[in-house]
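One structure is given below, encoded as structure tokens.
Written out as structure tokens, the structure is:
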């Protein structure tokens, strides 16, 4: 037995539940009302019961208004069909037009067919098949549709429009057209207020000069700023850029690419790699930093270069050049080098090394204030050494052939040094060999000297002016006689593989150590 207090509580709860059910039932059964028509026909023998309304029909259902040429009302089912010039107004902002409507009053669900148009503020949706949930204010099309706002035109096979949130969702064969580009996507979300499109699947954006592919990201169609995060590639006629993340500002013609970046110059067969890249389209410049690598691809061999930063720019004649700044180190099977800064000019196919450069080719080590590598058809033709030029080649573990002068010009054929011209303050120290036996040490001075080289060995020395020199047998050669002034063997700094370009060791030229006043180094002034 329940106490009186418990009985009262039970009765109260039962009443609340009943009222809730009645309220819910009443809400579900709110009637679709025909407010006006020119003619009414009651079809009593139909099942379900059918009322026909003809001419200037006006219908209401709560705050929903509907207009049409004629309507069939199924009163017991609380549904209707509307024909001809159908117009629905929902919440005073959403207008839906079409030729035919099936409306379900109990669920406030509309099925509009044929020549359908939905308007909400600045957005217009056109399709042949549209379902609209009045409760959630969400429209669905599933057999192709087009959305137009002030900036864009978008089409897709499947679409969903959340009118309250002003959010559009597109699926299957999505296409967006603006004045600057055309977008093709598998899945796309678009906010009509912020004008931001969210890429949710494989997407291609085609512009006049560039094409971008990505599988995740966003694009602000108003500001032309975008960012992409997955499998992103940017292609043009002359280059391709890849990276984990790409940020684009089309108005300012700026791009920033982050992590695992690769820029491939398809015209010049060049690759830049690193973890951060900035490109400036208006100045035609690109700057790569963070583990920056430059690769020159040739049929003969590829050159691999690493530095703190790499810059691509164009000169006044629109010829491309590449600049490398600080801790520059490069490797090719027949050529290696280090320096503080480097410039590679496409116009004359010349690489210039600045600030304490060292170059290795075969058994030769070469240093100078600046070094120029002149190429033609992917092969080295000349080596230019300017200021404090010094060439060293190891004869064996004890003896080093040495050549120095103010400036030197190396002649190269088949990637082998075959002649060396010394201009100004020429000095030579070398060990003649006969039948694999070192005959002695020859040391000579002359302002201008030409040296012929065969099989990486000195074959002949031509003194263009009378030399001052001598030949010493080995037993007379003292230790201090074995080296010209400023001799320095730098093998420990030489990259022996492409992986070594990432290993940097600081060194100071011996000529600076021997000088009471060190030469000022202006880093990065190219």
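In our numbering, the protein residues as written are 97 to 622.
Note that the Cβ used here is the ideal one computed from N, Cα and C, for glycine as well.
N- and C-terminal bounds of the beta strand (DSSP E) containing residue i
i, result
"residue 185", "175-186"
"residue 295", "292-295"
"residue 384", "381-393"
"residue 597", "Counting along the chain, residue 597 falls outside any beta strand (DSSP E), and DSSP gives it neither H nor E."
"residue 498", "496-509"
"residue 417", "416-428"
"residue 151", "146-157"
"residue 468", "466-472"
"residue 212", "205-216"
CA-to-CA distance, residue j to residue i, given in whole angstroms
i, j, result
"residue 284", "residue 352", "23 Å"
"residue 184", "residue 149", "17 Å"
"residue 587", "residue 568", "27 Å"
"residue 164", "residue 287", "32 Å"
"residue 393", "residue 486", "30 Å"
"residue 576", "residue 372", "50 Å"
"residue 433", "residue 293", "48 Å"
"residue 173", "residue 227", "19 Å"
"residue 117", "residue 201", "With a pLDDT of 46 at residue 117, under the threshold of 50, the modelled position of this residue cannot be trusted; read the value that follows with caution. Each residue's Cα considered, the two are about 18 Å apart."
"residue 338", "residue 309", "10 Å"
"residue 298", "residue 306", "17 Å"
"residue 181", "residue 210", "11 Å"
"residue 320", "residue 348", "9 Å"
"residue 606", "residue 529", "29 Å"
"residue 445", "residue 546", "25 Å"
"residue 205", "residue 343", "42 Å"
"residue 281", "residue 391", "34 Å"
"residue 596", "residue 241", "58 Å"
Environment of residue i [buried if 16+ CB atoms lie within 10 Å]
i, result
"residue 327", "exposed"
"residue 604", "exposed"
"residue 189", "exposed"
"residue 458", "exposed"
"residue 652", "This structure leaves residue 652 out entirely; the chain is present only between 97 and 622."
"residue 523", "buried"
"residue 273", "exposed"
"residue 488", "buried"
"residue 557", "buried"
"residue 151", "exposed"
"residue 389", "buried"
"residue 453", "buried"
"residue 542", "buried"
"residue 333", "exposed"
"residue 403", "buried"
"residue 456", "buried"
Residue interval of the alpha helix (DSSP H) (run including residue i)
i, result
"residue 566", "Not the alpha helix (DSSP H): residue 566 falls in the beta strand (DSSP E), residues 564-568."
"residue 607", "606-610"
Residue from the options with nearest C-alpha to residue i
i, options, result
"residue 225", "208, 357, 231", "208"
"residue 405", "143, 448, 386, 396", "386"
"residue 408", "369, 429, 397", "369"
"residue 490", "460, 483, 515, 502", "460"
"residue 301", "314, 186, 401, 428", "314"
"residue 648", "144, 167, 145, 161", "Lying outside 97 to 622, the shown extent of the chain, residue 648 is not represented and no answer is given."
"residue 179", "171, 160, 155, 223", "155"
"residue 395", "415, 375, 389, 366", "366"
"residue 236", "252, 247, 246", "252"
"residue 238", "267, 566, 231", "267"
Checklist entry - Along the chain, which unbroken stretches of the beta strand (DSSP E) at least 3 residues long are found entirely within the region 274-346? => result 277-287, 292-295, 299-303, 306-310, 313-316, 321-324, 328-332, 335-339, 341-345, all fully within the region 274-346.
Checklist entry - Which runs of the alpha helix (DSSP H) fall wholly inside the region 239-273 and span at least 4 residues, in chain order? => result Entirely contained in the region 239-273, not one alpha helix (DSSP H) run reaches 4 residues.
Next on the checklist: Which complete beta strand (DSSP E) runs does the region 524-596 hold, if anything under 3 residues is left out?
Outcome noted: Qualifying beta strand (DSSP E) stretches, in chain order: 537-550, 553-559, 564-568.
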